[in-house]
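Throughout the sequence shown, residue numbering follows my numbering, covering 159 to 391 in sequence. Beta carbons: idealized from backbone N, C-alpha and C, even for Gly. Note that this is a predicted model, so its numbers are computed, not measured.
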Amino acid sequence: MLKDHENRYAPLEKAVGYRFRNQALLQEALTHPSRANEAPERLADNQRLEFFGDAILDFLVSHLLYLRFPGAREGELTRMRAALVDEANLARVAAALELGAWLSLGRGEEKSGGREKRSILADACEALLAAVYLDGGIAAARKVVMRLFADSAAAALAGSVARDYKTELQELAQASYATAPAYELIATDGPAHDRSYCVRVLLNGAPAGEGSGSSKKEAQQAAARQALAMLGR
């Protein structure tokens, strides 16, 4: 393990509350695809870690909420989890860590303000959690989630974290039509590392709303929000 004066990531590790044994994992978590694509040397970007971190975060946030709110029912827990793991909240967690300053970006992303882009920050946050898990195991990852998401969990219970339109629409559709909403991707735009998505939501087979965002999840939330607005909710 590197000493602090030899470890350029020491301030970030202190903020996260975890010290990496394998610094290469942390470097990978902080490397955006735009940087890896431009590098003459072979660099691993954070897309695979982001994929893995998404699943780990769902599990550990579910565990956190289950322990913290023993009186909450399934629907309430589902809404709180969705609020905690959505792009907006992940970007807030990343901003609190000043994660943007640590990212390795390509020239194009650097010029276009990539260090402040919500989608990039959210993806890096998930990748960072996966790196912690791979380096230190489930106990280390759980400790980091408890440290970084405890305040968000309390805010979710109080209703001050972003509204989960998708879950609201699903509950309404199940009650009204006995079937869940269906989401279809109708358009994508932009390069692979900076995509935007447009999604349509169907209720009982009929178009009910459209939305766009920098991730499919965000676009689905926007479509669900429009559908709820059309229904007067």
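{"Item": "Reference D216; option with closest CA among L242, R276, R206, A249", "Value": "L242"}
{"Item": "Three-state class that DSSP yields for D162 in the structure shown", "Value": "Residue placement at D162 is poorly supported in this model, since its pLDDT is 48, which falls under 50; the coordinates are not used for a value here."}
{"Item": "Candidates N247, R353, V359, K374: closest to A280 by CA position", "Value": "N247"}
{"Item": "Separation of A381 from I278, as counted between CA atoms", "Value": "21 Å"}
{"Item": "Reduced DSSP category for L261 - H, G, I as helix; E, B as strand; rest coil", "Value": "coil"}
{"Item": "Other residues of its chain near L306: CB distance less than 7 Å, five sequence neighbours each side excluded", "Value": "V251"}
{"Item": "Whole alpha helix (DSSP H) elements within the segment 316-355, 4-residue minimum", "Value": "323-335"}
{"Item": "D293 to C356 span [Cα, whole Å]", "Value": "36 Å"}
{"Item": "Residues near T189 by beta carbon distance below 7 Å, same chain, minus five either side", "Value": "L201, A202, D203, N204, S262"}
{"Item": "Reduced DSSP secondary structure (H/G/I, E/B, other) of L184", "Value": "helix"}
{"Item": "Span separating the alpha-carbon of H351 from that of E284", "Value": "16 Å"}
{"Item": "Residue from Y176, V303, R166 whose Cα sits closest to the Cα of L222", "Value": "V303"}
{"Item": "Boundaries (first-last residue) of the alpha helix (DSSP H) holding A253", "Value": "245-254"}
{"Item": "Candidates E329, A298, P191: closest to R265 by CA position", "Value": "P191"}
{"Item": "Three-way DSSP call (helix, strand, coil) for E171 in this model", "Value": "helix"}
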